[in-house]
Amino acid sequence: MKILLSNDDGIFAKGIETLAMVLIERGHDVYVVAPDEDASGTGHGLTINKPLRYRKYNINGNFFGYMVNGKPADCVKLARWEIYRDVDFDFMISGINRGANLGVDLFYSGTFGAASEAALLGVRSIALSLSEPFDHGKNYLTAAVFAADFIEKIKDFQFPRYKLLNINVPNVKTEELKGYKFTIQGDRNYKENFDKRFDPNGHEYFWITGNAVEYSSNYHSDYYVLKDNYVSITPVALDLTDEKFGLQIEKELNK
Numbered sequence: 023m024k025i026l027l028s029n030d031d032g033i034f035a036k037g038i039e040t041l042a043m044v045l046i047e048r049g050h051d052v053y054v055v056a057p058d059e060d061a062s063g064t065g066h067g068l069t070i071n072k073p074l075r076y077r078k079y080n081i082n083g084n085f086f087g088y089m090v091n092g093k094p095a096d097c098v099k100l101a102r103w104e105i106y107r108d109v110d111f112d113f114m115i116s117g118i119n120r121g122a123n124l125g126v127d128l129f130y131s132g133t134f135g136a137a138s139e140a141a142l143l144g145v146r147s148i149a150l151s152l153s154e155p156f157d158h159g160k161n162y163l164t165a166a167v168f169a170a171d172f173i174e175k176i177k178d179f180q181f182p183r184y185k186l187l188n189i190n191v192p193n194v195k196t197e198e199l200k201g202y203k204f205t206i207q208g209d210r211n212y213k214e215n216f217d218k219r220f221d222p223n224g225h226e227y228f229w230i231t232g233n234a235v236e237y238s239s240n241y242h243s244d245y246y247v248l249k250d251n252y253v254s255i256t257p258v259a260l261d262l263t264d265e266k267f268g269l270q271i272e273k274e275l276n277k
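In my numbering, each number is its position in the sequence shown, counted from 1, plus 22.
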């Protein structure tokens, strides 16, 4: 299969290198187009106030892919309409992200932004992340092998329009995985703080910090499934219309 890869951790990240290696070993044609620096937290943003450029990136003297001076969604657009405009991709995988993308993370994640851009362009897409904690290293190989096995199982299934999958893999060895479960997007948000500091000229600046907070105990959510060493697979729709909400407002207005 022809598989486009991107991420938000940057083309230098170990996650995307591991994923590409496993997919190539499985006999797939892999096309890498990723940011030239860490673009975490950029969501589905696009670069519109400066020109986009791309150039080749080699690993150990061998061509690996193209690096772009933009955001993850920029990379997918450039790959589809310019760099590989004659390639009909079977799948697009964004990742392997360093850290889980759960709950509201989807609104901020550049990993998810790249995958959702591919979905908008009609390519079957997956956002792939490896969960924390990383106390004993990062098992990117576990996530890469799971993804390679999974796309083989669904290779003949055509995703509905504007639908994609958000997959989170526990940071364990492959043999420690219990399996996978289809999940709902959890109610996980952040209790945020703004760490105020001052530069040498006395001007204040801030670092955003905070801790993740799980507001519900729904054991079908991505957060709880992942904690139990199952891979979480959350089907996501990009049509954000909430008809029920609209009807409730309409009913209120018609009182």
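Glycine is no exception: its CB is placed at the ideal position from the N, C-alpha and C atoms.
The model shown is predicted, which means the values in this text are computed figures rather than measured ones.
Residue i: first and last residue of the uninterrupted alpha helix (DSSP H) it sits in
i    : result
V98  : 94–100
K36  : 36–47
G65  : That residue, G65, is in no alpha helix (DSSP H); it is neither H nor E in DSSP.
G268 : 265–275
DSSP bridge partner residues for residue i (one or two, in chain order)
i    : result
M89  : A56, R77
Y202 : V253
S243 : I206
A259 : K185
Q84  : For clarity, residue 84 is Asn in the given sequence; the question names Gln instead. N84 is bridged to I81.
Distance cut-off 8 Å: residue i Cβ against heavy atoms of the ligand GDP
i   : result
N82 : Within the structure as shown, the ligand GDP is missing, as the structure has no ligands at all.
Cβ neighbours of residue i in the same chain (closer than 7 Å, five flanking residues each side left out)
i    : result
E139 : H66, A95, V98, K99
D221 : Y227
L260 : S138, A141, L142, Y184
T64  : D30, K93, P94, G132, G135
Reduced DSSP secondary structure (H/G/I, E/B, other) of residue i
i    : result
K72  : coil
F111 : coil
I230 : strand
K218 : strand
D51  : strand
I33  : coil
Range covered by the beta strand (DSSP E) that runs through residue i
i   : result
L26 : 24–28
Same chain, Cβ closer than 6 Å to residue i, neighbours up to 5 away in sequence not counted
i    : result
D51  : K24
N193 : L152, S153, N161
F111 : K24, L26, V145
I206 : H242, S243
G208 : L124, G125, S243, D244, Y245
Own chain partners of residue i with C-beta closer than 8 Å, once the 5 adjacent residues on each side are dropped
i    : result
N251 : P192, V194, E198, L199, K200
V167 : V44, T196
W229 : F216, D217, R219
Which ranges does the alpha helix (DSSP H) cover as unbroken runs of at least 4 residues, wholly within the stretch 114–197, from first to last along the chain? 127–130, 132–142, 162–175
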